[in-house]
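Participant: In the working numbering, the protein residues as written are 1 to 156. The C-beta atom is built at its ideal place from N, Cα and C for all residues, glycine as well. Just passing along the structure, written as structure tokens.
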């Protein structure tokens, strides 16, 4: 009997062997672990991700990383504002909804950066609304504010 995932997609496992680059596979593993354990306090969705959302998060993050590699950034740490703008233009050529989904995924990758050991996005994607043209990417390389895990209050 397999694990129980209510209202889940037809996918039951995430296959990291489909990711050829070992560093990218490690980044994706750490990103998903961080999403499941910590959540993202800097974005609208607060609290840890539900297990049923892991497949979508994996696909979105993998697509974002692949797009960055296609526009010339081999690693997340190599991404510049020019790469971000080129990726946004690609996503907008598909549709505004596609761009909005990918922009959100980029923001999530940046927010979970402190918990990624192998590679992380160093350029802050900024607070622009999803799907809109980012006025300017932050040209300075900086790390996001430290996101500490939430402490749950336990009553004894």
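What does the Cβ neighbour count give for residue 13, buried or exposed, with the cut at 16 atoms within 10 Å?
Facilitator: exposed
Participant: For residue 83, which residues in the same chain have their Cβ closer than 7 Å to its Cβ, ignoring the five residues on either side in sequence?
Facilitator: 68, 71, 72 and 73
Participant: Let me make sure I understand the geometry here. Which of 23, 49 and 20 has the alpha-carbon closest to that of residue 33?
Facilitator: Of all alpha-carbon atoms in 23, 49 and 20, the one lying nearest the alpha-carbon of residue 33 is that of 49.
Participant: Run the CB neighbour count on residue 102, radius 10 Å, all protein chains shown included, and call it buried at 16 or more, exposed below.
Facilitator: Residue 102 should be labelled buried.
Participant: Anyone know if the C-beta pair for residue 119 and residue 76 falls short of 7 Å?
Facilitator: Against a cut-off of 7 Å, the Cβ pair of residue 76 and residue 119 comes out as a contact.
Participant: Enumerate in chain order the residues of its own chain whose CB-to-CB distance from residue 203 is below 7 Å, with the five nearest sequence positions on each side excluded.
Facilitator: Any property of residue 203 remains undetermined from this structure, which presents the chain solely from 1 to 156.
Participant: Tell me whether residue 96 is buried or exposed, calling it buried when 16 or more other Cβ atoms sit within 10 Å of its Cβ.
Facilitator: Exposed: under 16 other Cβ atoms inside 10 Å.
Participant: Span of the alpha helix (DSSP H) holding residue 90?
Facilitator: 81 to 94
Participant: Answer with buried or exposed for residue 121, where buried requires no fewer than 16 other C-beta atoms within 10 angstroms of its C-beta.
Facilitator: buried
Participant: Output the distance between the C-alpha atoms of residue 27 and residue 99, rounded to the nearest integer angstrom.
Facilitator: Distance from the CA of residue 27 to the CA of residue 99, rounded to the nearest whole angstrom, comes to 22 Å.
Participant: Have a look at 116, 111 and 30 and flag the residue whose alpha-carbon is nearest the alpha-carbon of residue 124.
Facilitator: 111
Participant: Quick one, are the C-beta atoms of residue 39 and residue 47 less than 7 Å apart?
Facilitator: yes
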